[in-house]
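In the working numbering, the protein residues as written are 4 to 732.
All remarks here apply to the structure that follows.
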């Protein structure tokens, strides 16, 4: 559906799409927190969501006709452009106008404006995503989210990384689409809790240049150049960042280049494609340690000045579209190459990890409108990947006598993995005359791994010598593993009235174990006997839009089983069962011709649901750590005339536990940002963004470990970015 929340674009009123919320079963919303205040909050929010749903389903007799608003298009649901109002999916969109206003220096600044997203920004370009979930850590926890650019995953499904959002060209995106909960049948492994799809602009005439200056001598350059030659169009996108970082030894250099093309042949075949190249060189600042260490002078320090991360990624793709016998056939072959080296400063001995993988694959889908008016799609995906991982510790381990005699210097891992992913899917959608719509989807997917250890098997150092207390790192013998998963989807939609729609969704998401969970073993484990992670999702949403307003209210319930954890003996196993419940609101309202408000509010509960012990405590029923019960983002926009636009933004992060035992916590924070954009002429404009207005001392991420106690990634202090935007074509 479409937002009625107004923005002005290029001197005219522009409706910014911000909508779409997801949903589910009210009777199953139960909060396990031991805090009665939080239980009361859940009840109040549940009642308010029911009241809101009731309210917006009643036709407003005195209401003006629904305002004609921009037709928002998305591609994340079916891999081809669809109107946001025409699909049954829990999807939100950040459009071009809003992205221009944000002027993001880190993708979290944009994503936290969307319902369901509560990710943490770490240091530099690093992050930990959360979509209807806690912050998920661990070797393969990144597999809970699918990150894509133009619908193509930026990493192979068995070789994820928690920071892979920096492999997208988000700074030059035309829009960013966020799917909350399992994705449609068109996407498989890793689209468990959600999917982020960065959509690049369509090629054509363009000429834009942005120069930005920020704190600590940082600067950024962003540009677009495109030409339209008739049946052939092209566009070049560039982005360059250089910053010293506000913490000691935390500088970042990053370059991104994308080239896009479109060609319409004389025989009716259309070609769309391009490439993206990304290079990152980062000096990494680690956690600051100690209770409330994010406050005072310690927030500027870096206890790991030697830490670094270097990453290079390349993707090349071409989409070939043609109509054959009433079938719209879309075939997308692609190449992917990813190389990353970084110091694991958070581990004893600070080993260096070197990972790489190269993929060749294709996406094939055929679409047809049936005689009864239904839309039918069938497709196949195939990807072949060659990957490797090495871990080397250049210096002797320091610390306790136990650590020095269990973590050897030298090579820890050196293995190669070949992976083949094959999937088939079908999708059926039909609209009935009585206001109902149904969508059905099914995906069957198989992934095969072939693992080849390049070192001595077992739990020794690289020369086969045992450690006094047993070496921490264990290398399994060569082996093959295979995983097959089935993912059904059901969606129902009903038009309550001219402005409101009820949506119901039941679907399953899954992810196969990551290669690192299977073959990067520790202690006495020689084989990781793992199954795929499965999540069943149930959602109910009511979405409504009218003259100068939009509102969506959503309830969801998700049950996840077979979550892969590393237990206290450092054994990888399917040892976690969790439940995830929440309520989401997304609102836009034009208060006056010059004043508008938009906002999202989230109430969530994430709990452990099986007997397991951590720190000597059975955590069954406890809140999952790094999972705030409340988080929100509210913006007040003021436009006194067509040239000026100012937004005051409030970012709220509620308190959360930082350990599974629920004995350590972070109080949360509220941050205020101010953004102003001034259009001097059709070709020249200026922007000033002041982030963390008032210089709040807070933590972007709070954590707790047995060895360190409280530790934090401190939030950046108050800072200003001034930019000049020039449109020369």
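We treat Cβ as the ideally placed atom computed from N, Cα and C, and that holds for glycine.
Three-way DSSP call (helix, strand, coil) for residue i in this model
i	result
residue 753	Nothing can be reported for residue 753, as the shown portion of the chain is limited to 4 through 732.
residue 471	coil
residue 105	helix
residue 503	strand
residue 329	coil
residue 285	strand
residue 349	coil
residue 303	helix
residue 465	coil
residue 220	helix
residue 628	coil
residue 522	helix
residue 318	strand
residue 263	strand
residue 587	strand
residue 538	strand
residue 188	coil
residue 38	Residue placement at residue 38 is poorly supported in this model, since its pLDDT is 48, which falls under 50; the coordinates still yield a value, given next. Coil.
residue 198	strand
residue 343	strand
residue 527	coil
residue 88	helix
Nonlocal neighbours in the same chain, by C-beta distance under 6 Å from residue i, ignoring five residues either side
i	result
residue 598	641
residue 507	495, 543
residue 694	676, 722
residue 60	Reliability of the predicted coordinates at residue 60 is poor, the pLDDT of 42 falling under 50, and the value obtained from them is presented with this limitation in mind. Contacts found: 499, 503.
residue 667	661, 707
residue 686	730
residue 449	425, 487
residue 459	467
residue 489	447
residue 241	226, 260
residue 193	146, 149, 160, 514
residue 442	91, 432, 494
residue 390	162, 360, 420
Inter-residue CB distance, residue i and residue j (contact presumed, cutoff 8 Å)
i	j	result
residue 497	residue 578	Contact doesn't hold; Cβ gap of about 40 Å is too wide.
residue 234	residue 264	Actually they are not in contact, since the Cβ atoms of residue 234 and residue 264 sit about 11 Å apart, beyond 8 Å.
residue 445	residue 188	6 Å
residue 148	residue 197	6 Å
residue 678	residue 688	That belief does not hold up - the Cβ atoms of residue 678 and residue 688 are roughly 13 Å apart, past 8 Å.
residue 380	residue 368	6 Å
residue 335	residue 322	4 Å
residue 701	residue 297	6 Å
residue 286	residue 253	5 Å
Identified DSSP bridge partners for residue i
i	result
residue 805	Limits of the chain in this structure are 4 at one end and 732 at the other, which puts residue 805 out of reach.
residue 717	702
residue 225	213, 242
residue 237	230, 264
residue 425	385, 449
Beta-carbon contacts of residue i that lie in its chain and below 8 Å, excluding the five residues immediately before and after
i	result
residue 209	227, 228, 229, 238, 732
residue 408	470, 471, 472
residue 594	600
residue 643	597
Buried versus exposed call for residue i [16 or more other C-beta atoms within 10 Å across all chains shown]
i	result
residue 575	buried
residue 205	exposed
residue 200	buried
residue 144	buried
residue 601	buried
residue 428	buried
residue 605	buried
residue 404	exposed
residue 327	exposed
residue 527	exposed
residue 719	buried
residue 162	buried
residue 232	exposed
residue 164	buried
residue 402	exposed
residue 101	buried
residue 711	exposed
residue 572	exposed
residue 386	buried
Residues near residue i in its chain [Cβ-Cβ closer than 7 Å; skip 5 each side]
i	result
residue 634	121, 605, 655, 656, 657
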